[in-house]
Structure formats: structure tokens, C-alpha cells
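In my numbering, the protein residues as written are 1 to 683.
Here a beta-carbon is modelled for each residue, glycine too, at the ideal position from N, C-alpha and C.
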Amino acid sequence: MVQYILTPWRDRRELLKVRQQFYPAAPSPADSTSSAALPAPPASATASFAPVSASALPTAPPTTTQGVPAPAPTPTGGAPLMTSAIGGSSSSNVDNNRPLLLLLAAQHHAVARVSMWMQRGNCPHMVESTALLTAAILSDGESKGSAGTYAVRAAYAAAFSRFVTGLLDGHQDKQRKLSMYSVAKTIGLPATFVELRHQATHETLPSLAKLRSAARKALVWIWEYYWQHLGPEDEVAVEVGENEGEGWERIEVSEKKVGVATAAAGRAVVVAFLEEQDAARRADMKRWIDGLDEARLLATLDKITDMPPNNIVLLAALRLSKEILQKRQSVKSTEQGYARDVDEIERKISQARDALMAETQDAAETSADDAGTEEAQEIAGTGWARQLHCIRHKRPNCKDLRIIQTSLDRVIAFHEHLRLEETIAENKTHHSNSRRVGSSNNYAYLVKDDKTNDAVIIDPANPPEVTPVLQKAIKAGEINLTAIVNTHHHWDHAGGNKQLQGDLGLEKLPVIGGKNCDGVTRTPGHGESFNIGSIAVKALHTPCHTQDSICWFMQDGEQKVVFTGDTLFISGCGKFFEGNADEMHTALNKKLATLPDDTVVFPGHEYTKSNVKFAASVLQNEAIQKLQAFAENNKETQGKFTLGDEKKHNVFMRVEDPEIQKVTGESEPVSVMAKLREMKNNF
1 MVQYILTPWR DRRELLKVRQ QFYPAAPSPA DSTSSAALPA PPASATASFA PVSASALPTA
61 PPTTTQGVPA PAPTPTGGAP LMTSAIGGSS SSNVDNNRPL LLLLAAQHHA VARVSMWMQR
121 GNCPHMVEST ALLTAAILSD GESKGSAGTY AVRAAYAAAF SRFVTGLLDG HQDKQRKLSM
181 YSVAKTIGLP ATFVELRHQA THETLPSLAK LRSAARKALV WIWEYYWQHL GPEDEVAVEV
241 GENEGEGWER IEVSEKKVGV ATAAAGRAVV VAFLEEQDAA RRADMKRWID GLDEARLLAT
301 LDKITDMPPN NIVLLAALRL SKEILQKRQS VKSTEQGYAR DVDEIERKIS QARDALMAET
361 QDAAETSADD AGTEEAQEIA GTGWARQLHC IRHKRPNCKD LRIIQTSLDR VIAFHEHLRL
421 EETIAENKTH HSNSRRVGSS NNYAYLVKDD KTNDAVIIDP ANPPEVTPVL QKAIKAGEIN
481 LTAIVNTHHH WDHAGGNKQL QGDLGLEKLP VIGGKNCDGV TRTPGHGESF NIGSIAVKAL
541 HTPCHTQDSI CWFMQDGEQK VVFTGDTLFI SGCGKFFEGN ADEMHTALNK KLATLPDDTV
601 VFPGHEYTKS NVKFAASVLQ NEAIQKLQAF AENNKETQGK FTLGDEKKHN VFMRVEDPEI
661 QKVTGESEPV SVMAKLREMK NNF
């Protein structure tokens with residue numbers, strides 16, 4: 001069954017991605033005429049382009065789970081590899097074939113991607129043909145029995161016929177109709193391809209051996225005719241995160257780095273396992289998953305939860321992460337005689353990621369001596385240290401603690417990048433600009449009333465970095481911490497609640513937030529108010545990103561701020577994980593938009609650079625251009641813009657703008673909102 005991946009094809013870079021997956025090693029010219037299997041790829045094949053060779057498999061005849069000889073090797077190595085490496089009973093066979101298995105998974109991913117392009121239309125015919133032929137080859141190895149063989153022959157025949165017919169029709173003389181043989185000759189297509197196309201369409205289906213050989217030759221011909229002319233790739237890597245291009249994923253197989261192509265396949269095969277519903281196939285794939293290094297698998301799961309293709313994958317990834325930690329803990333509990341609860345498991349997951357981050361950071365520091373800072377940062381980008389975007393169902397570290405002078409006394413923003421250093425400024429009446437730095441881009445905020453010293457901490461997701469600052473301030477008598485406040489229940493916002501309570505020795509510290517927030521003790525109703533000293537606080541329920549999302553509007557005299565979590569970002573909005581376009585339209589344009597225009601916005605993440613880039617692709621006005629310039633020159637934008645500004649440079653708050661309606665092709669506000677979100681997801 002084809003898995004549809006909602007990704008647009010739009011440029012050379014997108015084509016290079018799938019080319020790398022279809023052709024992990026470059027074919028030689030002789031392969032287009034030879035009927036023999038392609039030679040084994042060189043050791044560097046994972047960084048090259050061409051069909052994977054079946055001869056790279058072990059020479060011993062592969063067997064299926066029933067002990068019956070598997071189908072003959074095919075050009076991509078995909079079909080028999082799926083049967084022998086996953087379906088076989090030998091764990092060593094799985095280990096030996098793991099790199100090729102990863103490449104196979106990448107080809108499955110490429111077929112799924114192209115199938116989506118085909119649905120959207122205007123997909124290049126050579127790209128479509130490559131996907132159809134590859135899909136037939138992949139199906140070949142998964143078929144069983146005579147009925148399966150006939151179905152595979154039909155799949156080969158359909159793919160080959162569509163390839164030849166579509167290609168020749170596109171070169172047909174419109175004034176005078178030429179024979180297919182004549183057209184084929186003009187473009188260099190072998191006459192045997194035309195003959196086989198005729199046989200597959202009008203006569204008895206060709207033999208499986210003949211179709212396999214033809215498919216291999218066709219893929220090589222397509223490479224020479226189309227793919228190779230795209231030119232060399234500039235290390236096409238697998239992107240993760242909200243800001244495209246801010247992180248490259250690499251994993252290790254058998255303790256060796258096998259390059260971006262294998263890394264892409266590794267992530268793809270893990271996603272395939274998480275999505276698999278068939279119990280037998282899932283059990284087969286689980287044997288491969290169990291053979292991975294646990295730390296690296298956690299890193300891959302971590303990246304997958306950054307931007308999951310769907311909720312099924314997200315939940316499965318979280319379950320598998322917990323399962324790994326539970327397995328570790330079961331050994332320890334036998335020795336020590338106690339069991340951990342779910343909260344402890346979640347904490348261990350965070351620690352494992354932190355350990356991986358430290359490992360990659362050490363690698364970065366070592367590499368920096370030889371390769372320079374930029375390369376070191378690339379290496380440090382692996383694993384947990386990379387920036388978190390969208391929903392990150394995990395605990396972030398904190399980047400920057402900044403004290404911003406307002407009549408609310410001060411809003412202290414913990415922004416994640418580097419590490420915490422300075423303490424809260426002692427002078428409570430003068431402007432202060434202390435910085436605290438951590439390791440990602442979530443914001444946490446400390447809001448304090450200067451008259452009473454009452455304070456609340458908003459979204460303290462990573463207690464190890466927040467706790468020392470709060471402890472020092474509490475000990476110095478600078479704050480009276482009255483509550484933890486959450487904007488929604490996701491781990492990167494509410495995941496540190498209980499640990500922070502324990503670290504501070506304030507187990508009874510109230511947790512104010514949505515109903516699903518960890519340890520919540522109070523959920524104010526929509527419009528309900530309370531006070532932080534003399535600061536008035538109002539809860540604004542904004543369900544969509546999550547159903548328990550709450551924005552917190554605060555006012556002290558003429559000063560007004562709103563903490564929007566993942567509902568409203570500067571020039572953007574959160575993904576509709578638990579809601580829909582109607583709910584986000586209500587949240588942004590019927591609730592937040594009714595607040596005073598001079599209300600300063602404090603979002604949950606620093607996504608402005610990517611958000612305004614998207615906004616500029618939809619609408620070009622002076623406000624967007626100014627924000628784009630600001631984002632290019634400033635790493636932080638929290639507390640710099642108001643709701644009045646958002647109404648000018650945030651396209652999600654301009655759904656009735658005729659220009660935006662024209663771009664989206666929609667006129668009804670909710671439909672415009674839905675289309676904008678779809679466009680942003682695919683941007």
C-alpha cells in the first residue's frame with residue numbers, strides 16, 4: 001500500500017533528494033546494454049548515485065521465513081533484500097545487510113514521495129517512471145506464490161508500458177504522426193523497449209525474468225537520459241525542524257558513518273516501522289530495530305518527534321522511546337528492587353538525550369581544532385543539541401534569560417542556547433539586560449511583581465538550567481515564587497513541572513495551566529482572572545495547537561503583555577496538532593486580535609526567521625520587509641513586537657487580505673487559514 005508523503009516537488013533540490021534515494025551509486029554506461037546484474041557498488045556508494053546492486057548481498061541463497069528460496073536478486077537489491085534481511089531468521093544476516101536495508105527503505109520513501117507529486121500533477125514523466133519501475137521491483141521481493149508472481153509481472157508491465165508510452169507521446173510530431181519506433185530512434189530509446197511495451201500491452205505478459213531485466217535496463221537508461229543531467233548534488237541531506245536547512249541528520253550503522261544517503265534511509269526505515277500495522281511485518285522489522293545502538297536510535301526517534309509525518313508515528317515514537325528506557329530500568333530494578341514510574345522514565349529519556357548531546361558536543365569541540373568553528377557546529381547539530389522546532393515532545397534546554405524592564409517589573413525570558421551564567425539583577429527599579437543562555441530555542445519566562453516580589457515561572461521545561469537561577473533569587477529574597485504557569489501540555493513547555501517542584505523543595509507549588517499539563521492543580525476558565533501581586537492576569541483559551549492551549553494576558557497600569565506559547569509566534573502560528581483551521585482562526589483573529597494593539601507578544605519559540613521568510617513568499621508589504629530585515633540582524637524577537645505589529649506582518653492574522661486570498665485561492669477566512677497552514681507545512 002502506497003504511503004502518501006505530503007511534500008511538494010518544486011525545484012532541483014527536491015529532485016536531487018529522490019535521485020539520491022533511487023540511485024545510491026552511479027551506473028556505468030555498459031549497464032544500459034548488459035543483461036547481467038549490476039556490479040556491487042563501491043564502498044562509497046552511499047555518497048553516489050545509482051541502483052543498489054543485488055550482488056552486494058551475501059552469496060548464500062537467501063531464504064524466506066518459510067525456508068523457501070527467495071526471489072532472484074533484482075536491480076535495486078530491494079526485493080530480495082526485504083525478504084532475506086528482514087524476513088530471514090538469521091540475526092547476523094540482518095546485521096550484515098543493514099546498510100543495504102537502509103538504502104531499500106530510502107527507495108520506499110522515494111516512491112511514496114513521488115506518488116504524492118503524481119497526485120498533485122505536473123510531475124516530470126521520467127521521475128514518475130523511475131518511481132513506478134522501482135515500486136514494481138520492490139513489490140517483486142515481497143510477493144509470494146504463483147498469484148503473487150502474476151501480480152508482480154502485471155506491475156512490471158504496467159510500469160514499463162507507462163514509461164515508454166508517456167515518453168514517446170511527449171515527443172510525437174503533432175503535424176504528422178510517426179510510428180513509435182521512429183520516435184524512439186530520434187531520442188535514442190532502444191527498439192527493444194518499444195517491442196516489450198507492445199507485448200506487455202497487447203499480448204501475453206512477458207516472463208518475469210524478461211521484465212526484471214527490462215526494468216533494470218530502463219532505470220539505467222532513465223539515469224542517462226534524465227537524472228544525470230541534473231548535475232552533482234551539494235550533499236543533499238535530510239532536513240529536520242521548523243526552519244528548513246538548520247540541521248542535518250546522520251545516524252551510525254554497525255558503528256560506522258555511512259553518509260547522508262544511509263542516514264536518510266535509517267530515518268525512513270524507523271518511520272516505516274513506526275507506521276507498520278501488520279503484526280508479522282512489524283515483528284520482522286523489530287528485529288532490525290533491536291539491533292541498533294540504543295543511543296543512536298533515541299536520537300533518531302528524537303528527530304522524528306520533532307516533525308512527525310502523522311500522529312500515529314508521533315505516538316509510536318514516544319512509546320518506543322519509553323520502551324527503551326523501561327528495558328534499561330528493568331535490569332536496574334532487579335538489582336535494586338524497585339520500579340520506576342512513568343515520570344521517572346520520561347526523565348531518563350531526557351537524560352539519555354542530554355548524554356548524546358554531550359557526546360556530540362565533545363566531538364564538535366575536538367573537530368573545531370582541525371576543521372574550524374562552522375564544521376564543528378555542523379557536527380554538534382547531531383542529536384539532542386539541535387534546535388527544537390514546532391512541537392518537540394521532549395524537554396528542551398534553555399538559551400537566553402533576559403530581563404526586560406516593564407511596569408510588570410520585569411519579564412525574564414529563558415531562551416535556549418548555550419548556558420545560564422548571570423543571576424537576576426539586584427536593582428529592581430532600573431533597566432537591566434542580563435543574559436542567560438542554554439541550548440535550544442524554547443522560551444521560558446519569569447514574571448515578577450516588583451512591589452511584592454511575587455513571581456511565576458512560565459513553561460520551565462528544563463529544570464537543570466532554570467532551577468539554579470530560581471534558587472539563587474529565592475535565597476536572596478528577590479522573588480516569592482507563587483506558581484508554575486503553562487501555556488499547554490507539550491513536554492517542551494510543561495514537561496519540567498514536577499522536577500522543578502522537587503528541585504526547589506516546593507512540592508506543593510501550584511501549577512496553573514491547561515487540563516492536560518503535567519501536575520496541573522488549577523485550570524482557570526476562559527476569561528478568568530487572577531493576580532501576581534499587582535499584575536492582573538487573564539486566561540484566554542485558544543484550543544488548536546493543543547486542546548488545552550491557554551494564552552496569558554497580563555497588565556500592570558498601561559503596560560500589557562501576552563504569553564502565547566505555541567498558539568501565536570512572531571509572524572506565524574502553531575501547527576494544528578489537536579485542532580483545525582476554524583479553531584486557529586478563532587484563537588488568532590477573534591480572541592488575541594481583540595486585545596489592545598500595544599500588547600507586547602512573548603511566544604513560546606524563536607521561529608521568526610523562518611516564519612517571515614514564508615510570509616514574504618505570500619505577501620510583500622512594508623511591515624513584512626521590516627521584520628525580515630530585523631530577523632536577519634537579530635537572533636531574538638521575543639518582546640520586540642506587539643499585536644498591532646502582528647496584524648501587519650503575520651499572514652495568519654490577515655486572512656481577509658485580498659492579496660493573501662488571491663495567493664491561496666480561497667476567500668472564506670477559515671479556508672484561507674487552512675490553506676496558509678498547508679502552504680507553511682510544505683514550505
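Helix, strand or coil for residue i? Go by DSSP, reduced to three states.
i: Tyr-150; result: helix
i: Pro-658; result: helix
i: Val-18; result: helix
i: Ile-479; result: coil
i: Thr-564; result: strand
i: Val-183; result: helix
i: Lys-635; result: coil
i: Thr-608; result: helix
i: Lys-451; result: coil
i: Tyr-23; result: coil
i: Ser-207; result: coil
i: Ser-667; result: coil
i: Asn-461; result: Looking at the sequence itself, residue 461 is Ala, so the reference to Asn does not match. Coil.
i: Thr-599; result: coil
Nearest-angstrom Cα distance between residue i and residue j?
i: Asp-556; j: Ala-536; result: 6 Å
i: Gly-231; j: Lys-472; result: 58 Å
i: Ala-157; j: Ser-610; result: 45 Å
i: Gln-628; j: Ile-479; result: 37 Å
i: Met-653; j: Gly-188; result: 54 Å
i: Val-269; j: Gly-141; result: 17 Å
i: Lys-210; j: Gly-574; result: 52 Å
i: Pro-669; j: His-585; result: 8 Å
i: Gly-732; j: Ile-484; result: Given a span of 1 to 683 for the chain in the structure shown, any question on residue 732 remains unanswerable.
i: His-179; j: Cys-123; result: Residue identity differs from the one stated: residue 179 is Ser in this sequence, not His. Distance between the alpha carbons of Ser-179 and Cys-123: 26 Å.
i: Gly-502; j: Val-469; result: 15 Å
i: Ile-458; j: Lys-448; result: 11 Å
i: Trp-288; j: Arg-282; result: 10 Å
i: Arg-13; j: Asn-681; result: 17 Å
i: Ala-215; j: Glu-294; result: 38 Å
i: Gly-495; j: Glu-606; result: 19 Å
Spatial neighbours of residue i within its chain, please: C-beta separation below 7 Å, excluding the five flanking residues on both sides.
i: Leu-208; result: Thr-149, Val-152, Arg-153
i: Glu-128; result: Val-114, Met-118
i: Ala-616; result: Ile-624, Gln-628
i: Gln-620; result: none
i: Lys-177; result: none
Check whether the Cβ atoms of residue i and residue j lie closer than 7 Å to each other.
i: His-493; j: Thr-546; result: no
i: Ala-587; j: Thr-608; result: no
i: Gly-639; j: Val-600; result: yes
i: Leu-219; j: Leu-133; result: yes
i: Ala-455; j: Leu-481; result: yes
i: Glu-583; j: Cys-551; result: no
i: Gln-533; j: Lys-451; result: According to the sequence provided, residue 533 is Gly. The question's Gln does not apply to it. Contact: yes.
i: Val-618; j: Val-655; result: no
i: Trp-221; j: Arg-19; result: no
i: Thr-564; j: Pro-603; result: yes
i: Ala-155; j: Ala-131; result: no
i: Phe-683; j: Phe-630; result: no
i: Phe-530; j: Leu-540; result: no
i: Ser-161; j: Thr-201; result: yes
Can you give me the Cβ contacts of residue i inside the same chain, cut-off strictly under 6 Å, excluding the 5 residues immediately before and after it?
i: Thr-637; result: Ile-570, Thr-608
i: Gln-499; result: Pro-463
i: Gly-519; result: Asn-497, Lys-498, Val-511
i: Met-166; result: In the sequence as presented, Met is not what sits at residue 166; that position holds Gly. Counting only Cβ-Cβ distances below 6 Å, and skipping sequence neighbours, we find His-125.
i: Ile-324; result: Glu-294
i: Phe-193; result: Val-164
Which residues in the same chain have their Cβ closer than 8 Å to the Cβ of residue i, if we skip the five residues on either side of it in sequence?
i: Leu-274; result: Ile-304, Ile-312, Val-313, Ala-316, Ala-317, Leu-320
i: Met-285; result: Ile-86, Val-269, Ala-272, Phe-273, Glu-276
i: Asp-597; result: Thr-642, Leu-643, Gly-644, Lys-647
i: Thr-373; result: Confidence at Thr-373 is low in this model, with a pLDDT of 30, below 50, so its placement is unreliable and the value that follows should be read with caution. Same-chain partners within the cutoff: there are none.
i: Gly-665; result: Lys-675
i: His-171; result: Val-183, Thr-186, Ile-187
Q: Pick out the complete alpha helix (DSSP H) segments inside the stretch 286-317, 4 residues or longer, and give them in chain order.
A: 294-306
Q: Report the residue ranges of all beta strand (DSSP E) runs contained in full by the stretch 533-592; include only those spanning at least 3 residues, in chain order.
A: 535-541, 550-556, 559-565
Q | Inside the stretch 480-509 only - beta strand (DSSP E) runs reaching at least 3 residues | A | 480-485
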